[in-house]
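Shown next, in structure tokens, is the structure this report addresses.
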């Protein structure tokens with residue numbers, strides 16, 4: 020007769036991946052159900068109009084008067100002739116990115132904090148209403164979430180293992196920057212994580228050298244689009260049909276957006292506590308400490324930087 024530890028180990032080995040597979044299937048159903056029910060809305064239509072232009076010059080020229088980098092448009096440019104032009108088929112690309120996020124959350128959560136945390140993260144990712152919604156639109160937001168998660172995972176692996184992981188992180192970070200301008204916020208916070216770990220641990224310079232090289236490569240390869248972004252900013256800084264809010268109104272709006280769906284917020288807090296509560300008290304290892312710092316910098320850091328930018332822009 021197996022004891023409790025053996026049973027838990029067996030559940031962890033077989034049950035957790037099976038649970039993650041079930042959640043992935045559930046997440047896929049939520050994202051594919053009704054995917055082609057409605058016609059394209061204005062932003063989707065504009066995205067597809069740009070994506071159908073000549074690659075790459077036509078897309079880049081059109082985006083000079085838009086607000087986004089070109090990666091998703093380029094992917095749609097090649098996707099639509101293969102998949103078709105109907106609502107379901109065009110949106111399927113975003114849905115695939117959204118579906119892939121669910122197992123990715125499980126794998127990263129398991130890697131950092133154990134299988135239960137991974138399963139909780141996958142559960143949240145599978146049913147999160149906002150992510151389901153963006154996965155059903157022909158826009159770049161589901162790809163943004165997937166690349167944000169992938170770049171965070173590769174950064175943590177690169178910091179802990181070094182070597183070619185830094186090249187993988189550089190590619191993921193570059194794709195993130197070319198997907199959405201919000202990627203700049205996450206990239207800045209990820210570099211803040213490395214700086215914080217460097218100041219705290221004071222590693223030898225040879226360990227920081229790969230980070231410096233990878234970030235230099237990312238910056239150099241992103242520079243051409245950053246120059247385009249500088250041309251976009253005067254066009255998109257303030258939309259004439261949107262009233263300019265005061266700093267106080269911006270804070271109230273942010274608080275409302277965060278707290279309005281309070282049942283989901285409580286569920287998120289419960290999942291967070293469940294995933295991070297250890298089976299027994301134990302000191303945090305250096306690897307877990309670094310992983311936790313990466314998560315904190317990449318989540319809270321983006322929120323704070325985004326708030327400061329909003330207040331500066333509209334204040």
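Numbering (the working numbering), first residue to last: 20 to 334. Even for Gly, the Cβ is constructed at its ideal location relative to N, Cα and C.
Since residue i and residue j are thought to touch, with beta carbons under 8 Å apart, how far apart are those beta carbons, to the nearest angstrom?
i, j, result
"residue 170", "residue 147", "Residue 170 to residue 147, Cβ: 19 Å. No contact."
"residue 216", "residue 137", "With a Cβ gap of about 23 Å, residue 216 and residue 137 do not count as contacting."
"residue 199", "residue 240", "So it is not a contact: roughly 16 Å between Cβ atoms."
"residue 181", "residue 226", "7 Å"
For residue i and residue j, what's the separation of their Cα atoms in angstroms?
i, j, result
"residue 76", "residue 167", "27 Å"
"residue 187", "residue 173", "7 Å"
"residue 49", "residue 151", "7 Å"
"residue 99", "residue 197", "20 Å"
"residue 67", "residue 247", "20 Å"
"residue 161", "residue 228", "32 Å"
"residue 104", "residue 111", "11 Å"
"residue 212", "residue 194", "19 Å"
"residue 243", "residue 37", "44 Å"
"residue 237", "residue 189", "6 Å"
"residue 154", "residue 223", "43 Å"
"residue 78", "residue 245", "16 Å"
"residue 51", "residue 201", "26 Å"
"residue 382", "residue 115", "With the chain covering 20 to 334 only, the question about residue 382 has no answer from this structure."
"residue 218", "residue 60", "48 Å"
"residue 7", "residue 253", "Outside the shown range of the chain, which is 20 to 334, sits residue 7, and nothing can be said about it."
"residue 134", "residue 101", "38 Å"
"residue 251", "residue 93", "18 Å"
"residue 221", "residue 235", "21 Å"
"residue 86", "residue 39", "36 Å"
"residue 292", "residue 214", "27 Å"
"residue 289", "residue 84", "43 Å"
"residue 249", "residue 97", "27 Å"
What residues in its chain sit with their C-beta under 7 Å from that of residue i, if we drop five residues either side in the sequence?
i, result
"residue 63", "156, 157 and 158"
"residue 206", "192, 195 and 196"
"residue 91", "159, 162 and 198"
"residue 165", "116, 119, 120 and 123"
Residues in its own chain within less than 8 Å of residue i by CB, not counting five upstream and five downstream?
i, result
"residue 95", "66, 67, 70, 109, 112 and 157"
"residue 177", "184, 185, 187, 188, 229, 230 and 233"
"residue 57", "106"
"residue 89", "75, 78, 79, 82, 197 and 244"
"residue 145", "42, 43, 45, 46, 49 and 121"
Grab me the residues of residue i's own chain with a C-beta within less than 6 Å of its C-beta, minus the 5 sequence neighbours each way, in chain order.
i, result
"residue 43", "121 and 122"
"residue 140", "124 and 128"
"residue 301", "Interpretation of residue 301 is limited by its pLDDT of 49, a score under 50 that renders its predicted location unreliable; the figure taken from the coordinates is listed afterwards. No residues qualify anywhere along the chain."
"residue 81", "69 and 72"
"residue 149", "none"
Original post:
Which residue spans inside the segment 141-197 form an unbroken alpha helix (DSSP H) run of at least 4?
Top reply: 148-154, 160-180 and 184-196
Original post:
What alpha helix (DSSP H) runs, 4 residues minimum, are completely inside the segment 195-232?
Top reply: 202-220
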